[in-house]
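Under numbering that gives the first Met the number 0, the residue at position 47 of the sequence shown is numbered 46, and the numbers go up by one with no gaps.
By construction, the Cβ of each residue, glycine as well, lies at the ideal position given by its N, Cα and C atoms.
Data first, discussion second: the structure below is written as structure tokens.
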Amino acid sequence: MSNRIPDEKVELIRRSSDIVEVISDFVQLKKQGRQYIGLCPFHGEKSPSFSVSPDKQLYHCFGCGAGGNVFSFLMELEGLSFIEAVKKLGGRANIELPEITTHETSSGGPQETMRSAHELAAKLYYHVLMLTEQGSEGRTYVKDRGFTKEQIEHFQIGFAPDRWDALVTVLNKRNFSLDEMVKASLIGERESKEGYFDRFRNRLMFPIWDGQGNVIAFGGRTISDEKPKYLNSSDSPIFHKGQTLYGLHLARPSIRKEGVAVLFEGYVDVIAAWGAGMTNTIATLGTALTEDQAKVIRRNAETVTICYDSDKAGTKAAFRSAAILEQVGCVVKVAQMPDGLDPDDYIRTYGANRFKSDVIGASLTLMSFKMRYLRIGKNMQNEAERMNYIEEVLTEISTLSRAVERDHYLRQLADEFSLSLDALKQEQYQIFRANRKQEPYQAKSEARAPKRKSIEAKKLLPAYQNAERYLIAHMMRDVEIAELVQERIGGEFNIDEHQALAAYLFSYYGEGHEADPSQFVQKLQDEKLLRIATELAMLSLNEEYQEQELFDYMKLIETYPKRVQIQQKELEMKREKDPLEAAKLLMEINRMKQELQ
0 MSNRIPDEKV ELIRRSSDIV EVISDFVQLK KQGRQYIGLC PFHGEKSPSF SVSPDKQLYH
60 CFGCGAGGNV FSFLMELEGL SFIEAVKKLG GRANIELPEI TTHETSSGGP QETMRSAHEL
120 AAKLYYHVLM LTEQGSEGRT YVKDRGFTKE QIEHFQIGFA PDRWDALVTV LNKRNFSLDE
180 MVKASLIGER ESKEGYFDRF RNRLMFPIWD GQGNVIAFGG RTISDEKPKY LNSSDSPIFH
240 KGQTLYGLHL ARPSIRKEGV AVLFEGYVDV IAAWGAGMTN TIATLGTALT EDQAKVIRRN
300 AETVTICYDS DKAGTKAAFR SAAILEQVGC VVKVAQMPDG LDPDDYIRTY GANRFKSDVI
360 GASLTLMSFK MRYLRIGKNM QNEAERMNYI EEVLTEISTL SRAVERDHYL RQLADEFSLS
420 LDALKQEQYQ IFRANRKQEP YQAKSEARAP KRKSIEAKKL LPAYQNAERY LIAHMMRDVE
480 IAELVQERIG GEFNIDEHQA LAAYLFSYYG EGHEADPSQF VQKLQDEKLL RIATELAMLS
540 LNEEYQEQEL FDYMKLIETY PKRVQIQQKE LEMKREKDPL EAAKLLMEIN RMKQELQ
């Protein structure tokens, strides 16, 4: 057993892992020139500032500064250690690795163990449902519910037998720490602390996966009258209900292809929709949609169709979810279910084709849904309630960014209530202006600040600093340029971080490595240097540069300290009251300027 992964194996895995393919599992990327762009997974944004370079095998976010190669992406996004990231990508590329001693993987040990235990539990429940006498009641239930064999296999549906120790016994035999399994929310511990018990009993079991298809939790649906009807795993070190979407890893290819995700409230609806031929469906886990879940959806799809139950609670949840999805930049539609039916019921009653055409295909625009929602509970014959409704709708219309949309819904309102279109437009504009005045000035300026600051920072960089940036960018791509720089100016860069990067580059090439920005970045331990190096590696450079261009950069770098001295002397001369001393300073300044020529 080795205590490390050989460097050549790490390098083989890096070269075998296309960064665009790996990141596409998490972020919806679109080709733009030679790069791919998408929404940054490391901070919330509505406009894409996250760039991935297939040529350099690097990523960089121009918003938050995150950057690195394929290993650092997984480490930062999933909280993996370097070894875990290498192992994960090695498995993805079907590259065998030596076993690693425990001390090297201890940081992620418990979580890996929890995932393994969940995989084992999923296999156990599936086996019980399909092949054992204990699963007969479960088989009867899935048959009555109309689940097909294909649905059961695709979603790995299982059954937890009506026993207190079925899973406990299996985990104990496989030498899993039962205390860890309690933390993983797989089993419970008796109050007397004298034993453990299965959390799920006599329930149809639905594995819940993370975005990459690892089982991290379960949802259990009772087949009797036991309460609660649905029971989900509690949050654990590997499962966070408010960040997880059911079926995302299964639906992602279709979502990417169609550009649309259909969002349900529960996993049974996803399974029913899949059976109806809809493979771009996902669900929350029995709780309201969170901002974290909405951001995950936005990274994978531009348009979201919400399909919740038609009851009062479902309609209210759809309204709230629509607002969250709209806030993160999604185009939102809302499907309307007939009263008393959920998606699963509708599909079993009316069939797949009607569900796709009459429900999903007839989805409302978000504004149309809001207009219907705001009518709920109001008596349109009552003048006060009617006027209140009109004002609420005008408030919503005033938030629309496109003039054609505003005009469309204002005309609807005018026609329905026989009102003057001009009057409605005037009222809507007054509401718009009033709301703008109520917004805190600080919040508006802060919201705009990051983008403006980023642009200004790049425009206002002094010439010597730009010279250092572009020179290092060239050095990362060409060994000969690095050698030329080392010979002429060595590490005499004026910015400390640039000086450090130059030193690392000289050392990197000194070890016999070829020019490879992704490999170089991998060797940087300092996070700040890694981000700067990634940003410089992603700079657009003139591929047909002249050697004089490099010499000009180096001259700017070399002469910068002298220019600073000249500026200081000029300030001294301005302050000097003695004409004779001022003349001496002028002579010295002229001499220093001549030396720069």
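- Sequence-distant partners of Ser233 (beyond 5 residues in either direction) whose C-beta falls short of 6 angstroms from its own C-beta, in its chain, are Ser184.
- When secondary structure is reduced to three states using DSSP, Ser320 falls in the helix class.
- Annotation: Val9 to Val85 spans about 7 angstroms, alpha carbon to alpha carbon.
- In this structure, DSSP gives Trp208 an extended state, which the three-state scheme calls strand.
- Beta bridge pairing from DSSP links His59 with Ser50, Gly66.
- By the C-beta criterion, the segment 549-557 is judged to be in contact with the segment 480-493, since at least 3 inter-stretch pairs fall below 8 angstroms.
- Distances from the alpha-carbon of Val169 to those of Ile151, Tyr195, Glu149 put Tyr195 closest.
- C-alpha of Ala402 to C-alpha of His248: approximately 38 angstroms in a straight line.
- Under the DSSP assignment, Asn231 falls in the beta strand (DSSP E) whose first and last residues are 229-231.
- Take the alpha-carbon of Ile12 and the one of Arg202: they are about 42 angstroms apart.
- The Cβ atoms of Pro206 and Ala287 lie no closer than 8 angstroms to each other.
- A direct Cα-to-Cα measurement between Gly328 and Glu7 gives close to 43 angstroms.
- The C-alpha of Arg138 is placed about 56 angstroms away from the C-alpha of Met537.
- Spatial neighbours of Tyr35 in its own chain (CB-CB distance under 6 angstroms, excluding positions within 5 residues in sequence) are listed in chain order as Val19, Leu28, Val51.
- Rounded to whole angstroms, the separation of the alpha carbons of Thr314 and Leu412 is 22 angstroms.
- Boundaries cannot be given for Val327, as no alpha helix (DSSP H) includes it and DSSP labels it neither H nor E.
- Around the Cβ of Gly89, a 10 Å sphere holds 16 or more other Cβ atoms; the residue is buried.
- Rounded to the nearest whole angstrom, the CA to CA distance from Glu587 to Lys576 is 17 angstroms.
- Beta-bridge pairing by DSSP links Val19 to no other residue.
- Within the segment 286-315, the complete beta strand (DSSP E) runs of at least 3 residues fall at 302-305.
- When secondary structure is reduced to three states using DSSP, Phe81 falls in the helix class.
- Within the segment 120-208, the runs of alpha helix (DSSP H) at least 4 residues long that lie entirely inside it are, in chain order, 135-144, 148-153, 165-172, 177-182.
- Phe416 sits exposed, since fewer than 16 C-beta atoms from the chains shown fall within 10 Å of its C-beta.
- The three-state reading of DSSP puts Phe431 in helix, counting H, G and I together.
- In the DSSP assignment, Lys377 falls outside any beta strand (DSSP E) and carries neither an H nor an E.
- Residue burial is scored here from C-beta neighbours: Ser135 has fewer than 16 other C-beta atoms within 10 angstroms and is therefore classed as exposed.
- A direct Cα-Cα distance of roughly 12 angstroms separates Phe72 from Val520.
- If you check the CB distance, Leu535 and Arg468 come in under 8 angstroms.
- Distance from the CA of Asp421 to the CA of Gly43, rounded to the nearest whole angstrom, comes to 39 angstroms.
- The way I'd put it, the segment 363-376 doesn't touch the segment 336-345; fewer than three beta-carbon pairs between them come closer than 8 angstroms.
- Within 10 angstroms of the beta-carbon of Gln292 lie 16 or more other beta-carbons, which makes it buried.
- Note on Thr533: 16 or more other CB atoms within 10 angstroms of its CB, so buried under the neighbour-count rule.
- Ile186 has its alpha-carbon roughly 36 angstroms from the corresponding atom of Thr304.
- Residue pairing for Tyr544: DSSP places it in no beta bridge.
- The C-alpha of Pro516 is placed about 12 angstroms away from the C-alpha of Val69.
- In this structure, the beta-carbon distance from Ile156 to Leu128 falls below 8 angstroms.
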